[in-house]
Amino acid sequence: MAPAASAAAFEAAFQAIPQGVVLLDEDRCIRWCNSMAAVHLSLDPSGDIGQPITNLVRDPALLAALSDDDAPKDFRIGSHKPEHTLLLQVRTFEEDQQLILTQDVTDADRMELMRRDFVAHVSHEIRTPLTVLAGFVETMQMLALEERERDRVLDLMRQQTVRMENLVADLLLLATLEGSPKPPISQWKPLEHLIRTAVADGQHLSAGHHTIAFDPVPPIELAVEEDEIASAIGNLVSNAVRYTPASGSIHLQTMWRSDGYLEIRVKDTGIGIERQHIPRLTQRFYRVDKSRSRGTGGTGLGLAIVKHAIGRHGGELLIQSTPGEGSVFTLTLPPARVRAIAPNVTGSSPT
Ligand code: ADP
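To convert, note that position 289 of the sequence shown is 314 in the numbering used here; the numbers rise steadily by one, no gaps.
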C-alpha cells in the first residue's frame with residue numbers, strides 16, 4: 026500500500042491547483058492560502074495569516090456566504106484587477122472549517138456573452154426572411170393572384186430564400202475556419218489565378234456598372250488554402266462593388282514587399298466608412314448601414330470571414346477609408362507563404 030500523503034505533499038498539491046484556495050479557521054481567519062488565491066484576492070500569503078478574511082476582502086456576498094447558511098455559496102465578485110471577475114465558492118469541511126475556492130472567470134464570462142449575442146443575432150437574421158416568406162405564402166394561399174403579380178411574389182420569395190442560403194453558407198464557412206488547424210505550407214497556388222477569378226466574379230456582380238481592373242500581378246505563388254484566400258479576396262471585391270455607386274471604379278493591386286510580405290489591395294471609389302466604425306467592421310453582423318447591407322445581399326459576416334481566413338495563414342486585414350471618397354482593404358501574407366514561380370524566374374526576389 027502506498028504511504029499516506031504528508032502535510033507537505035498536500036500543501037504542494039494545493040499549490041499546484043489552477044484555482045485559488047484559502048483555508049479559514051472557525052473564526053474566518055486565514056490559516057493558509059495558495060499563491061493563486063493570493064493573486065486573485067490580493068493577499069499576502071505569509072503576512073495575512075491569522076487575519077479575518079472579511080477584513081481583507083470586503084464584499085457583502087462573501088460575508089453572507091461565510092456567515093449565513095442560506096446565502097449562495099457560489100457567487101461572482103469584482104477583482105482588484107480592472108474589468109476582471111472572480112468566481113468564489115465557499116465550502117464547509119470538518120463541521121466549522123471553511124475554504125474558499127477562487128477562479129478568474131473573466132474570459133469564460135466574455136465568451137458566454139459573445140455566444141449568447143451570436144445566437145440572438147443568428148436567430149434574428151433568420152427570422153426576418155422567414156417572416157417575409159411566411160407572409161407571402163399566406164398571401165398566395167388566400168388570394169388568387171394574377172400571373173404577373175404571382176411571378177413578382179415568387180421572385181421576392183426566391184430573394185428571401187437566397188438570403189437565408191447565403192447566411193447559412195457563411196455561418197458554416199466561419200465555423201469551418203474556426204475549427205480547423207492552420208493550413209500547412211505545402212501546396213503552392215499561383216496568385217494571378219486568384220486575382221483574375223475575383224475580378225471576373227466582381228464584374229459579374231457589377232453587371233457593367235463599375236470599372237474593375239487589376240495591375241499586372243507579379244509571377245509568384247502562395248502556400249495557402251486556395252478556397253479560403255479566394256473567398257477572402259472575393260468578399261473584398263464583392264463589398265467594393267456593393268458599396269460603390271454605379272460608374273465608380275475598383276482596382277486590385279498586388280505588391281511583393283522588400284521584407285518578403287505580400288500585399289493584396291482592393292481599392293474602391295465608393296461611399297467610404299467613418300473612422301469610428303473601422304475597428305468594428307470585422308465583428309460578426311456589424312454593419313454601418315443595415316438596410317444597404319441587406320439590400321445588396323450582405324450577411325454581415327463577410328469581413329469576419331476575411332479576417333479569419335487571412336489570420337489562419339499568419340496574415341492580416343488592414344482597412345483605410347475616407348467617407349465619400351472610398352476605401353482600401355489590404356490583405357497581407359507572411360514571407361513563408363510567398364515565393365517566386367519556379368523555374369523560369371529563378372533568382373527573382375521581392376522588390
Ligand atoms: P456585409 O454583408 O454587411 O457587407 P461585411 O462583413 O462584408 O458585411 O462588411 C461589414 C460592413 O462594413 C458592411 O455592412 C459595410 O457597412 C462596411 N463595408 C464593407 N466593405 C465596404 C466598402 N468597400 N465600402 C464601404 N463600406 C464597406
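Using N, Cα and C, we set each Cβ at its ideal position, and we do this for glycine too.
Bear in mind the structure is a predicted one, so any value in this text is a computation, not a measurement.
query, result
"Boundaries of the beta strand (DSSP E) in which E246 is found, first to last residue", "I245 to A248"
"CB of E288 within 8 Å of CB of T294, strictly", "no"
"Beta-carbon proximity of H377 to V187, cut-off 8 Å", "This structure cannot settle anything about residue 377, because the visible part of the chain is limited to 26 through 376."
"The ligand ADP heavy atom lying under 7 Å from the CB of R188", "no"
"Sufficient close CB pairs (3 or more, under 8 Å) joining the region 300-307 to the region 317-324", "no"
"For P154, the three-state DSSP class (helix, strand or coil)", "helix"
"Through-space distance from D314 to I151, alpha-carbon basis", "18 Å"
"Simplified DSSP state of L287, which is helix, strand or coil", "strand"
"CA-to-CA distance, V144 to I42, given in whole angstroms", "34 Å"
"Local conformation of P209 per DSSP, three classes", "coil"
"Range covered by the alpha helix (DSSP H) that runs through D226", "L216 to S231"
"C-alpha distance - C58 paired with L138, whole-angstrom precision", "31 Å"
"Identity of the residue in F118, S67 and P154 nearest G320 by Cα", "P154"
"CB contact flag (V64, L124, <8 Å)", "no"
"Check: D142 C-beta below 7 Å from any heavy atom of the ligand ADP", "no"
"Contact test: D132 Cβ vs the ligand ADP heavy atom, cutoff 7 Å", "no"
"Beta strand (DSSP E) segment containing A365, residue limits", "V363 to A365"
"Residues that DSSP places opposite V46 in a beta bridge", "L126"
"Close-in-space but distant-in-sequence residues of the same chain around A90 (CB under 6 Å, 5 per side omitted)", "A96, K98 and V115"
"Residue span of the beta strand (DSSP E) that contains S352, given as start and end", "G351 to L358"
"Where S67 falls: helix, strand or coil (DSSP)", "coil"
"Check whether V224 and L277 have beta carbons under 8 Å apart", "yes"
"DSSP three-state assignment for L324, whether helix, strand or coil", "Looking at the sequence itself, residue 324 is Thr, so the reference to Leu does not match. If DSSP states are grouped into helix, strand and coil, T324 belongs with coil."
"Length of the line joining the Cα atoms of L49 and A29", "24 Å"
"Cβ neighbour criterion (16 or more within 10 Å) applied to L216", "buried"
"First and last residue of the uninterrupted alpha helix (DSSP H) at D180", "E172 to G204"
"Contact check, A334 vs E253, beta carbons under 8 Å", "yes"
"Supposed contact pair G340 and L358 - C-beta distance, whole angstroms, cut 8 Å", "4 Å"
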